[in-house]
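J.:
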Amino acid sequence: MSSKFKVCDFILFGGHGDLAFRKLMPALYHLSFDEYLSDESRIITVSRKNISHDEHISLVKNKLIEFLQDDFSEEFFERFQQQLLLVVIDFSDNKTYSQLEVILNEFPLRERVNYLSTSPSFFGNICESLSNWKLITEVSRVVLEKPLGKDLESSRIINKKVLKYFNENQIYRIDHYLGKDTVQNIMALRFANRLFVPLWNSNHIDHIQITVSESVGVENRWGYYNEYGAMRDMIQNHLMQLLCLIAMEPPCSLEANSVRDEKVKVLRSFRTLSPEDIKSNTVRAQYKAGSSEGVSVPGYLDGNDKDSQTETFAAMRVDIDNWRWNGVPFYIRSGKRMQNRNSEIVIQFKSIPHSIFGKSDDSITSNKLVITLQPNESIELKLMNKIPGLSDTMKLQQVDLELNSHSNISRKPDAYERLILDVILSNPTLFMRLDEVEEAWKWADTIIEGWSDNISPMKHYTAGSHGPSAAVQLIAKDGRSWNDE
Ligand code: BG6
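Heads up: the sequence shown begins at 2 in the numbering used here, then just goes up one per residue.
1) Taking only the alpha-carbon atoms, compute the straight-line gap between Val103 and Ile44 and give it to the nearest angstrom.
2) Rounded to whole angstroms, what is the Cα-Cα separation between Phe11 and Leu105?
3) Following a CB-centred definition, is Ser155 positioned closer than 7 angstroms to any heavy atom of the ligand BG6?
4) Is it a yes or a no for the region 239 to 255 touching the region 176 to 183, going by three-plus beta-carbon pairs under 8 angstroms?
5) Roughly how many angstroms lie between the CA atoms of Ser344 and Phe108, to the nearest whole one?
6) Just checking my contact of Asp415 with Ala21 at CB under 8 angstroms: how many whole Å lie between their CB atoms?
7) Taking the continuous alpha helix (DSSP H) assigned at Ile45, which residues delimit it?
8) Do you know offhand how far Met249's Cα is from Phe331's?
9) Where Leu32 and Arg419 are concerned, what is the direct C-alpha to C-alpha distance, given to the nearest angstrom?
10) Contact between the region 305 to 318 and the region 456 to 470: three or more CB pairs below 8 angstroms?
11) Taking the alpha-carbon of Ile158 as reference, which of Arg222, Glu139, Phe124 has the nearest alpha-carbon?
12) I'd like the span of the alpha helix (DSSP H) that includes Ser254, first residue to last.
13) Quick check on Asp446: does DSSP put it in helix, strand or coil?
14) Tell me which residues share the same chain as Arg269 and place their Cβ nearer than 7 angstroms to its Cβ, disregarding the 5 neighbours each side in the sequence.
15) May I ask you to list the residues that DSSP assigns as paired with His208?
16) Excluding the 5 residues preceding and the 5 following Val272 in the sequence, name in chain order all residues of the same chain whose CB lies nearer than 6 angstroms to its CB.
17) Tell me whether Gln474 is buried or exposed, calling it buried when 16 or more other Cβ atoms sit within 10 Å of its Cβ.
18) May I have the straight-line CA-CA distance separating Asn377 from Asn133, to the nearest angstrom?
19) Measure from the alpha carbon of Gly295 to the alpha carbon of each residue in Arg113, Asp479, Val88, Ala464, then state which is nearest.
20) Take the Cβ of Trp444 as the centre, count every other Cβ of all protein chains shown within 10 Å, and call the residue buried at 16 or more, exposed below.
21) Leaving aside the five residues before and after Met433 along the sequence, list all residues of the same chain whose C-beta is less than 7 angstroms from its C-beta, in chain order.
22) In the region 293 to 356, which residue ranges form an unbroken beta strand (DSSP E) of at least 3 residues, counting only runs that do not cross its ends?
23) Please state the DSSP three-state secondary structure of Asn386.
24) Measuring CA to CA, which of Lys289, Ser293, Thr119 is closest to Asn305?
25) Is it the case that the Cβ atoms of Ile456 and Pro276 are separated by a distance below 8 angstroms?
26) In whole angstroms, what is the alpha-carbon distance linking Lys96 and Ile90?
27) Any heavy atom of the ligand BG6 closer than 7 angstroms to the Cβ of Asp234?
28) For Ile58, which three-state DSSP category applies?
29) Which one of Ile380, Tyr301, Gln100 has the shortest CA to CA distance from Val184?
30) So, helix, strand or coil for Val540, using DSSP?
31) Using a threshold of 7 angstroms, is the CB atom of Ser214 nearer than that to any non-hydrogen atom of the ligand BG6?
32) Does the Cβ of Thr119 have 16 or more other Cβ atoms within 10 Å, making it buried, or fewer, making it exposed?
33) For Val219, which of Leu145, Val8, Gln287, Gly150 has the nearest alpha-carbon?
34) Under the three-state reduction of DSSP, which class applies to Lys289: helix, strand or coil?
35) Measuring CB to CB, does Ser255 end up less than 8 angstroms from Ile187?
36) Going by C-alpha distance, which of Lys64, Lys162, Tyr98, Leu196 is nearest Leu1?
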């Protein structure tokens, strides 16, 4: 069978981890099925788990059945499994890399994607060993999974270690939100539609909301999560990236650095929060026991470290000090154990300057553009319209103009498919450059430090609710409300 793209060796460090089974292997399976990854390409799982090749194949198969469900094909797997290899390595023991060297040097000129789905504490060891064994070539790339540090300083340490062995243009820092189709659609919407060009600024936009709420709790990730919290786990990366795409100036092309230059300018324009701003414009909270989808669930601290000051919810007002966004607040929030799984971006336009509709005036609501990422991806423009038929006065209603671009595709690719394909194609546009990561940390660090000084005390909310009342007040004090209120 002919392949659409280049042959490569895909080396999956941490290939027996949860992310690898849940997202990465299914993405590789689909890319192979759809012929984006050629049959000659090899998927080399690098793991500390000392199991045989056959055990590895049956483990991968079972996990694919579990996560792909109806998309799994027994017949295709017979072919796919021939691309799968296993190398058992202790990441921090240089001599255990010898078998990897033998396998990779069967094709010394082949392009290599090293995907580090391990704890960042191994990134330095892995890169150093790859270098010691001369396995980093000009056509090698390295993909780094988050968390890339806990603050600016620790992020710099991680990045410095990797940069010792790979050039910046070989490093792909992943933020899976950038691989979501609707997130990429933000660029199409903004830069392929003249309609929005004159409207996308403080003359016409009142404010912007970005919400990423999850109904799940921290599940079996308490150990990891308690070290990070909502600010580091979601806001510093996923929500910042969404905000940048909404707020950036038009890049001159889709070329990686053109896009990343514009995103970094947005991050540099964030107003630094003073202690007073942290107090009045940020909220952090933890969930208490409640119910999720009709089932009673424990609170974040129940059965765990009672003194933990880790937030499971964060909300804040962000101001961007530049010409386009002067006076337009961005309200952002993210939390676990919320009422619904709902991720959306709301562009709230200003109200009309003068109403000619007399009594019907009350029913006029300002236009909004609602970009929903989850649970169902959609883009809706809320417009006013006349209610058809006769009446003594003209009656108005709000209608939704829906832009549903998924109706004609049979399967919606997962974000990881897009991103892995881009790494294989050497296209870093949807990955974060070092300066972006650092600017996002600089801003987040100020808030995290303020919180650790207890400038904004921890609030609480019931699991399965809309979050703490302080988040409602955060936006209400500016005379506005969240889209779901
Ligand atoms: C991850 C976070 O990056 O994103 C998780 O570590 C979170 O805590 C997840 O649940 C959310 O991703 P998605 O695509 O399900 O919204």
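All C-beta atoms in this analysis are idealised placements derived from N, C-alpha and C, irrespective of residue type, glycine included.
T.: In this structure, then:
1) 15 angstroms
2) 10 angstroms
3) no
4) yes
5) 44 angstroms
6) Rounded, the Cβ-Cβ distance is 14 angstroms, inconsistent with contact.
7) Taken as a continuous stretch (DSSP letters only), Ile45 belongs to no alpha helix (DSSP H), being part of the beta strand (DSSP E) at 43 to 48.
8) 13 angstroms
9) 9 angstroms
10) yes
11) Phe124
12) No alpha helix (DSSP H) holds Ser254; DSSP gives it neither H nor E.
13) helix
14) Glu440
15) Gln349
16) The question names Val, but residue 272 is Arg in the sequence shown. Closer than 6 angstroms at Cβ, skipping near neighbours: Asp320, Asp322.
17) exposed
18) 47 angstroms
19) Ala464
20) buried
21) Arg174, Asp176
22) 296 to 298, 314 to 319, 331 to 336, 343 to 350
23) strand
24) Lys289
25) yes
26) 9 angstroms
27) yes
28) helix
29) Ile380
30) Here the chain covers residues 2 to 486 and nothing more, so residue 540 does not appear.
31) no
32) buried
33) Gln287
34) strand
35) Per the sequence presented here, residue 255 reads as Leu, with Ser not at that position. In this structure, Ile187 does not lie closer than 8 angstroms to Leu255 by Cβ.
36) Within the shown structure, residues of the chain are numbered from 2 to 486, placing residue 1 beyond reach of any answer.
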